[in-house]
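Encoded as structure tokens, the structure appears first; notes follow it.
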Amino acid sequence: MELFSQLIYFLLPGLVVGLVVGFLLRKRFVEGHRDNIEQQARQLIENALVESEQLKKEALLQSKDQAHQFTQEAKEEIRLEQKDLKDRWRELNRKKEQQRKENLEIESRQEKIEHREDLLKKQEKALVDRTQEIEQLTNQRRNELERLAGLSQEEAKKQLMDSLESEARMNAAKTLARIENEMKMQADRKGKNILALAISRYAGDYVADKTVSTVPLPNDEMKGRIIGREGRNIRAIEAATGIDIIIDDTPEAVILSGFNPVRREVARLALMQLISDGRIHPARIEEVVAKVTKELGVVMREAGEQATFDVGAHGVHVELINLLGRLKYRTSYGQNVLQHSLEVAFLCGIMAAELGIDVKMAKRAGLLHDIGKAVDHEVEGSHAVIGRDLAKRYGEPEEVVYAIGAHHEDQPPQSVLDVLVQAADALSGARPGARKEMLQTYVKRLEELEQIATSFEGVEKSYAIQAGRDLRIIVDSNKVKDEDTVLLSQDIAKGIEEQLTYPGQIRVTVIRETRAVEYAR
1 MELFSQLIYF LLPGLVVGLV VGFLLRKRFV EGHRDNIEQQ ARQLIENALV ESEQLKKEAL
61 LQSKDQAHQF TQEAKEEIRL EQKDLKDRWR ELNRKKEQQR KENLEIESRQ EKIEHREDLL
121 KKQEKALVDR TQEIEQLTNQ RRNELERLAG LSQEEAKKQL MDSLESEARM NAAKTLARIE
181 NEMKMQADRK GKNILALAIS RYAGDYVADK TVSTVPLPND EMKGRIIGRE GRNIRAIEAA
241 TGIDIIIDDT PEAVILSGFN PVRREVARLA LMQLISDGRI HPARIEEVVA KVTKELGVVM
301 REAGEQATFD VGAHGVHVEL INLLGRLKYR TSYGQNVLQH SLEVAFLCGI MAAELGIDVK
361 MAKRAGLLHD IGKAVDHEVE GSHAVIGRDL AKRYGEPEEV VYAIGAHHED QPPQSVLDVL
421 VQAADALSGA RPGARKEMLQ TYVKRLEELE QIATSFEGVE KSYAIQAGRD LRIIVDSNKV
481 KDEDTVLLSQ DIAKGIEEQL TYPGQIRVTV IRETRAVEYA R
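Numbering (the UniProt record's numbering), first residue to last: 1 to 521.
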């Protein structure tokens with residue numbers, strides 16, 4: 001117990017000292033921690049102040065930027081409004097200037113109108129004075145004429161009416177003669193029914209050829225091969241055929257030109273064979289031309305034989321058959337002569353059957369009537385006379401020979417067969433589409449016809465229609481009266497008769513009309 005008491009005695013001062021030291025240490029720790037907290041608080045406050053200052057500056061800068069942007073936008077709007085005002089002001093000035101010019105123009109027009117009105121008034125007054133003067137002169141001349149002629153106004157009118165009546169009687173006589181001619185034509189219609197029947201029973205086609213032929217090429221390089229080195233190939237072809245070869249910028253084509261259709265066909269066939277063969281040189285050209293000429297002779301002979309077979313003409317001389325075959329490559333006004341000959345033969349046969357004469361002889365004469373055209377470019381004279389001599393030379397019957405020579409009236413017709421050949425030839429050549437009139441001659445004739453009509457006073461327009469068989473004339477209603485149209489049509493018809501040469505007759509129609517035009521506004 002004492003030990004414990006002693007121990008307590010020794011330990012108690014240390015314990016007290018430790019407590020005191022611990023208290024002091026704790027106190028110091030608390031004070032240090034408080035100082036740190038105060039320092040942190042002060043730091044936070046300082047940071048907050050700095051941050052608030054920075055935020056204030058940023059807000060101020062942002063507000064300045066917005067204010068500047070608003071200012072710029074306001075300035076742009078003001079600038080655009082000022083520009084718009086300037087444009088409007090400029091447009092207003094332009095319109096004012098335009099209005100001023102229009103006012104000046106209106107004033108100028110008004111002055112011109114007033115000036116024209118003054119001129120019209122003066123002209124009207126002068127016209128009235130002139131009319132009065134003319135009336136006075138007319139009365140004076142009428143009185144003078146009555147005094148000199150010893151005729152009163154009524155007597156002069158009577159003489160004028162007698163003159164007009166005489167002219168009307170003359171026109172009536174012409175009309176009566178025309179009606180009589182029409183009646184004769186109607187009376188002859190029964191005879192022409194045979195021709196109409198022949199036309200209706202035969203419908204033949206025809207081939208329209210030209211004076212040139214076109215040879216297609218596989219490509220444009222072939223033109224150089226046809227020409228050859230220094231033109232020797234083309235010269236060889238032209239020398240062998242007698243046909244001009246035209247090589248121009250026409251794509252993939254060569255043109256053959258020549259008046260002789262047989263030679264032109266030889267050149268065409270030879271050139272096509274050379275192109276397909278590919279070997280083009282002078283020796284080969286002469287060989288091919290000779291071969292094609294021989295083959296074409298066979299083709300023409302076969303065409304002639306076929307024509308005689310189709311018609312039923314037997315015993316025709318072989319030379320005439322060859323000449324018939326040559327007509328296959330001959331044209332007259334665009335009509336193939338061989339086809340035309342066959343057509344004439346069939347028409348002659350049909351009409352001969354209706355009239356009860358020898359049909360075979362009629363067909364034979366019709367087939368051979370143009371045989372002279374096969375050699376008319378080689379022999380002088382008309383083709384009818386040449387054909388007559390050929391037919392006579394090769395033993396054709398006398399009636400056929402005479403019909404051939406008379407089909408164009410080189411000699412007067414003597415029999416019905418002669419007239420039949422003439423009629424059939426005219427039918428075949430004159431039917432629509434058989435032959436073609438030269439375009440330049442046709443156009444020139446129509447232009448002359450219209451020029452004659454427009455040369456008369458009062459004619460406004462003239463139109464030649466129905467291939468020139470009908471002339472329509474439109475006159476000015478202010479210059480030509482209704483009663484003048486009859487005389488005008490007669491004068492124009494008389495002028496056409498005196499100045500033009502034309503087949504058939506031309507009808508002259510004068511048209512006068514008065515138009516009243518008003519506009520609803």
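For each residue, glycine too, the CB sits at the ideal point set by N, CA and C.
Asked, Found
"Helix, strand or coil for R445, going by three-state DSSP, please let me know.", "helix"
"Using CA coordinates, which residue listed in N36, E460, I113, K444 is at the minimum distance from Y502?", "K444"
"Among the candidates V480, E450, D491, whose CA atom is the shortest distance from the CA of R472?", "E450"
"Rounded to the nearest angstrom, how far is the Cβ of V254 from that of K223, given a contact under 8 angstroms?", "7 angstroms"
"Can you find the residues in the same chain that come closer than 6 angstroms, C-beta to C-beta, to I511, ignoring five residues on each side of it along the sequence?", "I474"
"Sorted by chain position, which residues of the same chain lie with C-beta nearer than 7 angstroms to V289's C-beta, five sequence neighbours on each side aside?", "A240, T241, V266, A270"
"Beta carbon of V401, beta carbon of L367: below 8 angstroms?", "no"
"Is DSSP giving T509 helix, strand or coil here?", "strand"
"Below 8 angstroms on the Cβ atoms is my guess for V344 versus D425; work out the distance and round it to an integer in Å.", "5 angstroms"
"In angstroms with no decimal places, state the Cα-to-Cα distance between M438 and I404.", "Unreliable placement is indicated for M438, whose pLDDT of 47 sits below 50; the coordinate value is still reported in the next sentence. If I take the Cα positions, the gap works out to 27 angstroms."
"Give the DSSP-derived three-state secondary structure of R229 in the structure shown.", "helix"
"Bridge partners of Q335, per DSSP?", "S332"
"What number of angstroms, rounded off, separates the C-alpha of D470 from the C-alpha of Q339?", "32 angstroms"
"Can you tell me where the alpha helix (DSSP H) holding T518 begins and where it ends?", "A small fix is needed here, since residue 518 is Glu in this sequence, not Thr. Premise fails: E518 is in no alpha helix (DSSP H) and is neither H nor E."
"Closer than 7 angstroms by C-beta to T214: which residues in its own chain qualify, once you throw out the five before and the five after it? Chain order, please.", "A253, I255"
"Please report the straight-line C-alpha distance between H408 and D370, rounded to a whole angstrom.", "10 angstroms"
"Measuring only the C-alpha atoms, how far is E73 from I37?", "53 angstroms"
"For T454, does the three-state DSSP call read helix, strand or coil?", "helix"
"Tell me, which residues are paired with S462 by DSSP?", "I473"
"What residue range is occupied by the uninterrupted alpha helix (DSSP H) comprising I496?", "482-499"
"DSSP three-state label for A253, please.", "strand"
"Short check: CB of V421 to CB of A365, under 8 angstroms?", "yes"
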